[in-house]
Amino acid sequence: MLGAARAEFAVHGFLGANVDRIAARAELTRGAVYANFPTKRALYLAVLLDLENEEETAPMESGLDLADAVEAFARVWLERLPLVSDAPADARLRLRSLSGVFSTAQPPTPASVADDHGRVQARPPTPLPATAGGSASLDHGPAAGGDPAVGRGPADSRGPADSRGPADSRGPADSRGLAADDSTVADGGASSGDKGAPMASDGRHAAAGAAVVVSDRLDAAAVERAALAGVARLERLMLALALESRTPGHRLVRLAGVVRTLLDGVCHLAEVAPGVGDPFDVVRACRHLASLDLGDVWDPPHLPFVAPAEQGTHIGNPGGRDARVGNPGGRDAHVWDPPGGLVDLVGGGTVDLGREDGLIVVLGTGRLGAAEEAVRSGEPVTLAVVTRRPAELGRLVRLRVTDLAHCLRRVVPGESWAPSPDMPGDSRTSSPVMPGESWAPSPVMPGDSRAPSPVVPGESRAPFRIVVDGADAIAEELGFVVDDQTEAAVRVRGRHIVARAKGRGAALAIADARDDG
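If you use my numbering, the sequence shown corresponds to residues 56 to 572, in order.
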């Protein structure tokens, strides 16, 4: 199925691809495709992930300084640039392009909503919201006081069942009025076009139904934009940690952001105007960026107002359960019993949270920027990324993190981020990385209370890992809500949860909670 989808996307791109043709290529039914991928968007992201898994990750030479590392990263990243002779759709696959896949910055219009329900607009719809008289139309029914036949008459060739279209041109999503190839998430709520119900002739009812659809689409678009921004912040942090390993004692998140902005712009230009620009000039420019003093310090304004974490074994269970009540298994309520089969997207290995102490941070896709609050502790950190839309936003995070991790492992060899011991009199420490080690948090700049400390010889546990598949199970075991705005964390010691926090600044609160209480 992925091979057939890849061929279809390579020829027609995301917007032009058709699920019927993909099913025919794979010799499957449309229902079989939708049984595995609820939307065309989810299928496209799965194809990009499959391509990513084919990438080679042979490391480059070790011992690079900062400028060399930035230059090497730029060279590796730009290997994806397509040739001028490549077909545009195939070039977008090489670039891992998300153009047109997720919502744009512009909110959806009533016309676009109607199109998603498979209806062709014969004329511009009446603007929403409704007028003072309560009348509005989405081209399905008349304004109040108008001719009931307008917009639903014989000329429109629409009946109650037509909102779903012919049975052979729609997928399972159509039971909620979505077009078969619509990339709108298929697990959303109902809409005014559900099950082909005709729109009421009362304009107020038409306006209300249209407003609900627009509101749902606006909410979905806002979640997608927040997720894209969150992933970009997480990528910036990952690149910064890799670069900081080349120059311990400096925070390089701003440098990482500038480098990624430049490289992402080059890739976008290659997509819309292939052959323009010289990638070698871009590589040299990235190297020059490493010499700039960007005054990078980590001092988020909300940190002084973060409430302390709840500490001590008396906090008990994940989720407020009591060991004696509602716990038929008799399990001690504060014992940490993590799910198995977890995979670290950064290092590529498996994660056994039941055997390790450290911080577990649960963040929704819209809160990924808070990861740095835990990472700067210098302790082992496992980031569990949760979302209410795993088929799409979960795959988005997996794709972007895996893509970047493959590149970084080629530039900064090694897969172990060693934690550092505590510095006397300091509540938070972080560690530089010795030659041959991999990425680790760097101490914060002057003005912060943390100081660098050496790596423990032979230490091999990773201080920063990212888990997506299985993250929901982690959150549920800890009693946290699975949502794209979730921000929560716990500290695990000796298979016991000794501190927990949730809400804004939870990761920092847990990083500071070093006593057993």
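From the three backbone atoms N, C-alpha and C, an ideal C-beta is built for every residue, glycine too.
Measure the CB-CB distance between residue i and residue j and report whether it falls below 8 Å.
{"i": "GLY409", "j": "THR437", "result": "no"}
{"i": "LEU573", "j": "MET293", "result": "The structure shown does not extend to residue 573, since the chain is modelled only from 56 through 572, so no value can be given for it."}
{"i": "VAL456", "j": "ALA439", "result": "no"}
{"i": "ARG450", "j": "ALA97", "result": "yes"}
{"i": "ARG291", "j": "GLY304", "result": "no"}
{"i": "LEU324", "j": "CYS341", "result": "no"}
{"i": "ASP399", "j": "ARG288", "result": "no"}
{"i": "LEU133", "j": "ALA127", "result": "no"}
{"i": "VAL585", "j": "ARG130", "result": "Residue 585 lies beyond the stretch modelled for the chain, which goes from 56 to 572, so this question has no answer here."}
{"i": "VAL452", "j": "VAL286", "result": "yes"}
Rounded to a whole number of angstroms, what is the C-alpha to C-alpha distance between residue i and residue j?
{"i": "ARG587", "j": "ASP538", "result": "There is simply no residue 587 to check, as the chain begins at 56 and stops at 572 in what is shown."}
{"i": "ALA144", "j": "GLU326", "result": "9 Å"}
{"i": "ALA362", "j": "ALA566", "result": "12 Å"}
{"i": "VAL547", "j": "PRO435", "result": "10 Å"}
{"i": "VAL74", "j": "ALA65", "result": "14 Å"}
{"i": "HIS551", "j": "CYS322", "result": "46 Å"}
{"i": "GLY330", "j": "ALA284", "result": "28 Å"}
{"i": "ASP141", "j": "ALA90", "result": "33 Å"}
{"i": "GLU427", "j": "GLY86", "result": "42 Å"}
{"i": "VAL125", "j": "ALA345", "result": "7 Å"}
{"i": "LEU121", "j": "ARG301", "result": "5 Å"}
{"i": "ALA568", "j": "ALA543", "result": "14 Å"}
{"i": "GLY395", "j": "LEU533", "result": "14 Å"}
{"i": "PHE92", "j": "ALA295", "result": "34 Å"}
{"i": "VAL390", "j": "HIS357", "result": "32 Å"}
{"i": "SER212", "j": "ALA72", "result": "Below a pLDDT of 50, predicted positions are generally treated as unreliable, and SER212, at 41, falls in that range; the measurement from the model is reported next regardless. If I take the Cα positions, the gap works out to 27 Å."}
{"i": "VAL545", "j": "ALA556", "result": "6 Å"}
{"i": "ASP458", "j": "VAL467", "result": "15 Å"}
{"i": "LEU298", "j": "ALA460", "result": "13 Å"}
{"i": "GLU365", "j": "PHE535", "result": "14 Å"}
{"i": "VAL139", "j": "HIS343", "result": "27 Å"}
{"i": "LEU83", "j": "LEU454", "result": "26 Å"}
{"i": "ASP319", "j": "PRO137", "result": "14 Å"}
Please name the residue, chosen from the options, that lies closest to residue i on a Cα-to-Cα basis.
{"i": "ASN108", "options": "PHE92, LEU57, VAL66, ILE521", "result": "LEU57"}
{"i": "LEU423", "options": "GLY404, ARG559, GLY433", "result": "ARG559"}
{"i": "THR94", "options": "ALA446, ALA562, ALA544, ALA530", "result": "ALA446"}
{"i": "TYR99", "options": "ALA60, ALA277, ASP123", "result": "ALA60"}
{"i": "GLY404", "options": "VAL522, ASP319, ALA72, LEU459", "result": "VAL522"}
{"i": "PHE69", "options": "ARG453, LEU153, VAL139, VAL338", "result": "LEU153"}
{"i": "ILE415", "options": "ARG339, ASP527, ALA275", "result": "ASP527"}
{"i": "GLY549", "options": "GLU411, ASP319, HIS343", "result": "GLU411"}
{"i": "ALA275", "options": "PHE157, GLY433, ALA425", "result": "PHE157"}
{"i": "PRO518", "options": "LEU563, ALA101, VAL401, ASP333", "result": "VAL401"}
Apart from the five residues just before and just after residue i, which ones in its own chain have a Cβ nearer than 7 Å to its Cβ?
{"i": "LEU349", "result": "ARG309, LEU310"}
{"i": "ASP524", "result": "VAL398"}
{"i": "ILE77", "result": "ALA59, ALA60, GLU63, VAL88"}
{"i": "ALA80", "result": "Position check: residue 80 holds Arg in this sequence, whereas Ala was assumed. Result list for ARG80: ALA59, ALA62, GLU63, in chain order."}
{"i": "PRO393", "result": "LEU408, GLY409, ILE529, GLU532"}
{"i": "ALA561", "result": "GLU542, ALA543, ALA544"}
{"i": "GLY332", "result": "VAL321, LEU324"}
Please list, in chain order, all residues of the same chain as residue i whose beta carbon is under 8 Å from its beta carbon, the five residues on each side excluded.
{"i": "PRO573", "result": "In the structure displayed, the chain extends from 56 to 572; residue 573 sits before or after that span and is not available."}
{"i": "ARG135", "result": "ARG149, LEU150, ARG151, CYS322"}
{"i": "LEU448", "result": "VAL278, GLU279, ALA282, THR420, THR442, ASP539"}
{"i": "ASP351", "result": "HIS305, ARG306, LEU307, VAL308, ARG309, LEU310, MET500"}
Using a Cβ-Cβ distance under 8 Å, would residue i count as near chain B?
{"i": "VAL102", "result": "No chain B is present in this structure, which holds just one protein chain."}
Whole beta strand (DSSP E) elements within the stretch 396-474, 3-residue minimum: With a minimum length of 3 residues, the continuous beta strand (DSSP E) runs that stay inside the stretch 396-474 are 413-419, 436-441.
Where are the alpha helix (DSSP H) runs, 4 residues long or more, that stay fully inside the stretch 513-561, in chain order? Counting whole runs of 4 or more residues, the stretch 513-561 contains the alpha helix (DSSP H) stretches 526-533.
Entirely enclosed alpha helix (DSSP H) segments - the stretch 75-99, minimum 4 residues: Complete alpha helix (DSSP H) runs here, min 4: 85-91.
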